[in-house]
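J.: The opening residue of the sequence shown carries number -5 in this note's numbering; numbering runs sequentially from there.
Just so you know, even glycine gets a beta-carbon here, dropped at the ideal spot from N, CA and C.
Just so you know, these numbers come straight off a predicted model, no measurement behind them.
I'd like to ask you about the structure that follows.
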Amino acid sequence: MTALRVLYVSPHAAIGGAERVTLDLLTLHDRAAIEPSVCFLREGPLVETCRALGVPTFVVDAPRLRNVFAVGRAVRALSDIVRSHGIQLVHSSMAWGHCFGGRAARRARRPAVWYQHTGASWRSALDVTAAAVRADAILANSDYTAAVQRRVNPRRIPIHTVHPGTRLPVVSRDVRRSRGRAALGIADGEFAVGMVARLQRWKGQHVLLRAAASLLHARERARLYIIGDTLFGLDPGYPAELHALARDLAITERVVFTGFRDDVANCLAAMDLAVHASIEPEPFGLALIEAMAAGTTLVAARAGATPEIVTDGIAALMVPPGDHEALAVALLALHDDPARCESLAAAGTATVRDRFDVTVMVRRMEELYHRVVGA
């Protein structure tokens, strides 16, 4: 069987959740089945990353959608790439990517799939525009996202759920934990609580700060680690608000803002508790499965796709989104119950191993591609 040539269209070339999924696909495809290439709709660090991996990589600068003539030029440039490189399928990531990738596929008369990582809304001009662009299949990162997407699907395009995955650790947790704690400066005997997410209001770092204040004031060996930075120019003033809140709560000396880290797996293994605190429904939440893969006890906001990823009280503890008091109770309870932490962490690790191995996602995607093109 000849390898299928797939062009990935990514709106961004900086690492976010959707971009990590694209990078996993580019690097883990069976090259006998898929021959991948990628086009980013703006410059960024992933351009050189992909080129270093030997993946054919292109950049087409995507303008604002209201600039009709510039959009047309970008779509033509993309369709020229599709034709000249013998692309057989265009895979667009997110609504912005599909607005260009889907149109380019149609212009080049190639099938298109759209991988939707966020919930769609009729109130969003971008979502409505993307929904009007032809696709042969919509891929959703969760059943929650699929259900939301069906509300904005005037073409009645088939929707398939393909859960993202994470890479299962090959190094023991003890080694990863030791590396992470050394890198973050966590002292022996300290109880480390951490959150890995970009700094954006809906991710809920302010909720975690309020909740953690109770733990930090009550348990002298506890520390909080906020891991991540702003991304894509979203909520640029939010980090300053978080620092101000930490001062107001009198916990500045017990909170570490690490900024962006490229050793997230080790950082998560270094934690005694990992927290997901999104105040809006999470379409999937890679941080959830990454924390469980790290072997770290997870506390998560009960909304969006979270209940389809973990079982409350078995693989994680869930709390109402935005409820810092309930989160504080959970943090204190788990701090004082090491046996329960160990049980939750073990079940979480088993969940990832059984359901969220990244290779399962890649093979599922390959199967769908071949089905779409009829190969």
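#1: Pick from Tyr138, Ala268, Pro332: whose alpha carbon is nearest that of Gly298?
#2: Please classify Ala131: does DSSP put it in a helix, a strand, or coil?
#3: Cutting at 7 angstroms between CB atoms, please list the residues of its own chain near Val54, excluding the five before and the five after it.
#4: Taking Cβ positions, are Arg248 and Leu202 nearer each other than 8 angstroms?
#5: Hey, quick one: how far does the beta strand (DSSP E) through Trp116 stretch, first residue to last?
#6: Using the Cβ count rule (16 or more neighbours within 10 Å means buried), how would you classify Phe63?
#7: Taking the straight line between their C-alpha atoms, what separation do you get for Pro163 and Tyr232?
#8: May I have the straight-line CA-CA distance separating Met355 from Thr16, to the nearest angstrom?
#9: Pro50 to Arg255, Cα distance in whole Å?
#10: Measure the beta-carbon distance from Val146 to His85 and round it to whole angstroms, keeping in mind my assumption that it falls under 8 angstroms.
#11: Give the single residue among Ala27, Arg14, Asn61, Arg58 whose Cα lies nearest to the Cα of Pro39.
#12: Looking only at its chain, what residues have a beta carbon closer than 7 angstroms to the beta carbon of Val376, apart from the 5 residues adjacent to it on each side?
#13: Name the residue from Ala140, His157, Asp182 whose alpha carbon lies nearest to the alpha carbon of Arg358.
#14: Sort out for me which residues DSSP pairs Arg217 with in a bridge.
#15: Which residue from Arg192, Ala131, Val304 puts its Cα closest to that of Gly342?
#16: Output needed for Met88: all residues of its chain with C-beta closer than 6 angstroms, excluding positions within five of it in sequence on either side, in chain order.
#17: Flag Thr252 as yes when its Cβ comes closer than 7 angstroms to any non-hydrogen atom of the ligand GTP, and as no otherwise.
#18: Fully enclosed by the stretch 320 to 366, which alpha helix (DSSP H) runs are 4 residues long or longer?
#19: Less than 8 angstroms between the beta carbons of Leu228 and Ala8, yes or no?
#20: Using only the alpha-carbon positions, how far apart do Leu133 and Ala114 sit?
T.: Answer, in terms of the structure:
#1: Tyr138
#2: strand
#3: Cys33, Leu35, Ala68, Ala71, Leu72
#4: no
#5: Unbroken run through Trp116: none, as it is neither H nor E.
#6: exposed
#7: 33 angstroms
#8: 11 angstroms
#9: 27 angstroms
#10: Rounded, the Cβ-Cβ distance is 20 angstroms, inconsistent with contact.
#11: Arg14
#12: No information on residue 376 is available, as it lies outside the stretch -5 to 369 that the chain covers here.
#13: His157
#14: Ala186
#15: Val304
#16: Pro5, Ala12, His111
#17: The ligand GTP is absent from the structure shown, which contains no ligands of any kind.
#18: 332 to 349
#19: no
#20: 13 angstroms
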